[in-house]
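Residue numbers (this note's numbering): 1373 to 1813.
Backbone N, C-alpha and C define an ideal beta-carbon position, used for all residues, glycine too.
The structure is reproduced here in structure tokens:
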């Protein structure tokens, strides 16, 4: 499996402190038990569906256009499944994460800008987490946003404690919080009582998405919030926490099980992602509340519209869980990006505080200048920034996994490569369309 296409031998492994720390068994272990050993990384990736930035775009889309943008949520899910399968393939076949592969394959004049774009994407992700978690604290406990934003910096201690306990503890926390979010939305959707025929129709494509600039802007934000750039780096790193065999049959099985893990997790997360939009459509669009782009405004309207004092509490709990979940995954993605691109290793807590500090500055600026009313727009903008960065992560990923010289026998099949190139092209065309629309007014 080793090839000469990579310029250097794989150096320090990705996330070296947890590299190959989870046993997956051998031929004597049942296939089901080996699959259970691979469950986890996919759910860390699926957190992108519950990022607070995704709440803003989905709430705005559902309130403004009803169920129409459910098609975009479904399309984003399909894109994510295909791209994350390539991340697992790159990790298993090459023993590298995406950042390490870029540093090896490209000269500095290319890899350094890619690193900067990746860091900007992580800062945009962290910005959404800062704002979302602060809003959750405000809604549940009345903590002012300005104070809540600084409280979010304390999450570094949670991450350090979990890393010391072991990677399985991190995965357990993520899956538990996802289950709690899902339970909250089951109750909220039941109270909102959507028209299920219209919900199903919303998963069909609509030409209006491309003809309406506002709808296109929100659609692009949903794509950026779902197919998140940092997830591509993250998945290619955390797959390597599994101690699978290094021979070809063992790698084939590892790739298959890792792909099933991410696919099932993303299909589960689609139900959460769609639930946010369905709740907004059923609770706000149907009564003419079409301008609900702020999370706190949505929280305020839920009780009178649904007639339940429990609804805003469940909404706040789910939001807080989403912010905590996203915090963990963004921290690991930031570590993978920095170590992979520039081979700079710093303590995780220091890395976390630097990234969080860069995210706090614009959040505080917007709150002081515009108050809480500008937070929703900032959240949506952060997701559009992520969508603009996506091609710079997708194109190298597809290039590497399509190369037999780099991937050996585990090279991506042509049909998968073709679909992923199509995904990259669609995202680039949407970005150009949006940019031209903005520039031309």
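Going by alpha carbons, who is nearest to residue i out of the options?
| i | options | result |
| --- | --- | --- |
| residue 1760 | 1600, 1626 and 1780 | 1600 |
| residue 1494 | 1630, 1661, 1784 and 1762 | 1762 |
| residue 1588 | 1486, 1767 and 1444 | 1444 |
| residue 1768 | 1482, 1450, 1381 and 1549 | 1482 |
| residue 1448 | 1683, 1666, 1575 and 1787 | 1575 |
| residue 1456 | 1485, 1741, 1631 and 1506 | 1631 |
| residue 1384 | 1714, 1795 and 1402 | 1714 |
| residue 1667 | 1750, 1537, 1496 and 1568 | 1750 |
| residue 1387 | 1709, 1732 and 1733 | 1709 |
| residue 1799 | 1736, 1572, 1651 and 1591 | 1591 |
| residue 1716 | 1402, 1484, 1407 and 1567 | 1484 |
Determine the DSSP secondary structure at residue i, reduced to helix, strand or coil.
| i | result |
| --- | --- |
| residue 1465 | helix |
| residue 1824 | In this structure the chain extends from 1373 to 1813, so residue 1824 is not present and cannot be described. |
| residue 1628 | helix |
| residue 1526 | helix |
| residue 1719 | coil |
| residue 1774 | coil |
| residue 1475 | helix |
| residue 1403 | helix |
| residue 1784 | coil |
| residue 1652 | helix |
| residue 1377 | coil |
| residue 1614 | strand |
| residue 1498 | helix |
| residue 1754 | helix |
Please go through the same chain and pick out, in chain order, the residues whose beta-carbon is closer than 7 Å to the beta-carbon of residue i, but skip the five residues on each side of it.
| i | result |
| --- | --- |
| residue 1778 | 1375, 1377, 1378, 1466 and 1772 |
| residue 1539 | 1390, 1393, 1394 and 1613 |
| residue 1814 | Absent from the structure is residue 1814, since the part of the chain shown begins at 1373 and ends at 1813. |
| residue 1563 | 1678, 1680 and 1683 |
Please return the same chain residues whose Cβ sits closer than 6 Å to the Cβ of residue i, not counting the five positions on each side in sequence.
| i | result |
| --- | --- |
| residue 1509 | 1515 and 1520 |
| residue 1765 | 1601 and 1604 |
| residue 1543 | 1412 |
| residue 1472 | 1712 |
| residue 1653 | 1434, 1438 and 1439 |
| residue 1774 | 1784 and 1789 |
| residue 1505 | 1524 and 1695 |
Do the CB positions of residue i and residue j come within less than 8 Å of each other?
| i | j | result |
| --- | --- | --- |
| residue 1608 | residue 1469 | yes |
| residue 1627 | residue 1417 | no |
| residue 1396 | residue 1719 | no |
| residue 1501 | residue 1702 | yes |
| residue 1553 | residue 1422 | yes |
| residue 1431 | residue 1556 | no |
So, for residue i: in the same chain, excluding its five sequence neighbours on each side, which residues have a beta-carbon less than 8 Å away from its beta-carbon?
| i | result |
| --- | --- |
| residue 1793 | 1770 |
| residue 1405 | 1397 |
Looking at the ligand NAP, does it come within less than 7 Å of residue i, judged from the CB to the closest heavy atom?
| i | result |
| --- | --- |
| residue 1591 | Of ligands this structure carries none, so the ligand NAP is not represented either. |
Cβ contact check for the stretch 1629-1647 and the stretch 1473-1488: 3 or more pairs under 8 Å: no
Contact the stretch 1439-1455 vs the stretch 1579-1589: 3+ CB pairs below 8 Å: yes
Cβ contact (3+ pairs, closer than 8 Å) linking the stretch 1667-1680 and the stretch 1696-1706: no
Stretch pair the stretch 1685-1692 + the stretch 1661-1676: three plus CB contacts closer than 8 Å: yes
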